[in-house]
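Down below is the structure, laid out as structure tokens.
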Amino acid sequence: IMPILECRHLNKTYGRGESAVHALRDVNINFEEGEICAVRGPSGSGKSTLLHILGGLEYPTAGKVFYRGEDLFAYNDNQLSILRRRRFGFVFQAYNLVQELTALENILLPVLLDKKKPDEKYISMLTELLGLQDRLNHLPGALSGGQQQRVAIARALANRPALLFADEPTGNLDGKSGQEVLALLRYAGRELGITLVLVTHDLHVAEQAGRIITLEDGSVSQDSAPTKGGVEHES
Ligand code: ADP
Ligand code: MG
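In this note's numbering, the protein residues as written are 955 to 1189.
What follows is the structure, encoded as structure tokens:
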């Protein structure tokens, strides 16, 4: 079976000449459907750059990303943003909620932007799964950090994405709410059959994923479960 997402010979260079930064160097990874995969590595190792390129938010300098066999960067900007909106969800360290909208309005925003009618049953299952039922009419300012991140996760899942990309989602949270958010991410991933790519510099967080990919200086230095048929990685 085809991986849900794969990247081939990804390279990303910022700047040029003497000031060039090689953020990614020949990265090759296959992600299988339903997998929960952590990408870890020290600060500056290229984790966010990789996540942005895998999610079609940023272009590589060289190399390709395939979503179910389709070359992501062969799409035009408009097609790519539609694919992102319908198939991918993103969660970042900063919750990026609209402060003037209630929790529920924030959650529904991507569905409404896609001019679709919200699936009320699914949305209420989602808010229940994330423990947000009695917070739906609150503005973000009235919620704790952990609750705001759970709203951001519900928003990312509102369009029933196939893939969820999370970049240091627990980075702003204390240990306890971080643990909760992480457990919910894993649970939601499993329950909804979503493939999860989770960036973290925290080994403890990474260890809760089914697979850990380690980046060092822009290259994959370790992969706990390289997919069969994938490119062999040196370690
Ligand atoms: P990580 O998320 O692992 O901390 P990043 O992917 O953010 O690493 O960054 C990898 C490298 O690329 C770092 O050296 C960083 O300074 C550099 N970098 C990232 N984004 C940019 C940018 N927009 N312009 C220039 N350099 C960048
Ligand atoms: Mg980062």
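In this text, a Cβ means the ideal position worked out from N, Cα and C, and glycines have one as well.
Report whether the distance from the Cβ of residue i to the nearest heavy atom of the ligand ADP is below 8 Å.
i, result
"V981", "no"
"L1066", "no"
"T1180", "Correcting the residue type first, residue 1180 is Pro in the shown sequence and not Thr. No, the Cβ of P1180 stays beyond 8 Å of every heavy atom of the ligand ADP."
"A1112", "no"
"L1008", "no"
"L1152", "no"
"L1169", "yes"
"G971", "no"
"K1075", "no"
Closer than 8 Å: is that where the CB of residue i sits relative to any heavy atom of the ligand MG?
i, result
"E1012", "no"
"S997", "yes"
"K966", "no"
"S1098", "no"
"V1045", "no"
Between which two residues does the alpha helix (DSSP H) containing residue i stretch?
i, result
"G1095", "Run containing G1095: none; DSSP gives neither H nor E here."
"A992", "Careful: A992 lies outside any alpha helix (DSSP H), inside the beta strand (DSSP E) at I990 to R994."
"D1031", "D1031 to R1041"
"E1134", "G1129 to L1146"
"A1048", "No alpha helix (DSSP H) holds A1048; DSSP gives it neither H nor E."
Under a three-way DSSP split, which group does residue i fall into?
i, result
"K1071", "coil"
"Q1176", "strand"
"D1025", "strand"
"A974", "coil"
"G1192", "A question about residue 1192 goes unanswered here, because the residues of the chain that appear run from 955 up to 1189."
"D1088", "helix"
"M956", "coil"
"A1016", "strand"
"R1114", "coil"
"N982", "strand"
If we count the other Cβ atoms within 10 Å of its Cβ and call it buried at 16 or more, is residue i buried or exposed?
i, result
"S973", "exposed"
"V981", "buried"
"V1052", "exposed"
"L1066", "exposed"
"H1158", "exposed"
"E1223", "Because the chain in this structure spans residues 955 to 1189, residue 1223 falls outside the shown range and cannot be described."
"Y1021", "buried"
"E1170", "exposed"
"N984", "buried"
"K1001", "buried"
"A1137", "exposed"
"Q1087", "exposed"
Which residue from the options puts its Cα closest to that of residue i?
i, options, result
"R1040", "K1069, L1051 and E989", "K1069"
"L1262", "D1171, L1111 and G1125", "Any property of residue 1262 remains undetermined from this structure, which presents the chain solely from 955 to 1189."
"Q1047", "V1135, G998, V1065 and A1163", "V1135"
"A1116", "Q1103, L1058, Q1102 and G1143", "G1143"
"R1140", "E1024, G1164 and V1174", "G1164"
"I1007", "G1023, N965 and Q1176", "N965"
"N1091", "T1056, G1099 and A1106", "T1056"
Counting along the chain, where does the beta strand (DSSP E) carrying residue i start and finish?
i, result
"T1149", "T1149 to V1153"
"T967", "L959 to Y968"
"A1120", "L1117 to D1121"
"T1168", "R1165 to E1170"
With 9 Å as the threshold, decide whether the Cβ of residue i is near any Cβ in chain C.
i, result
"P1094", "Protein chains in the displayed structure number just one, and chain C is not present."
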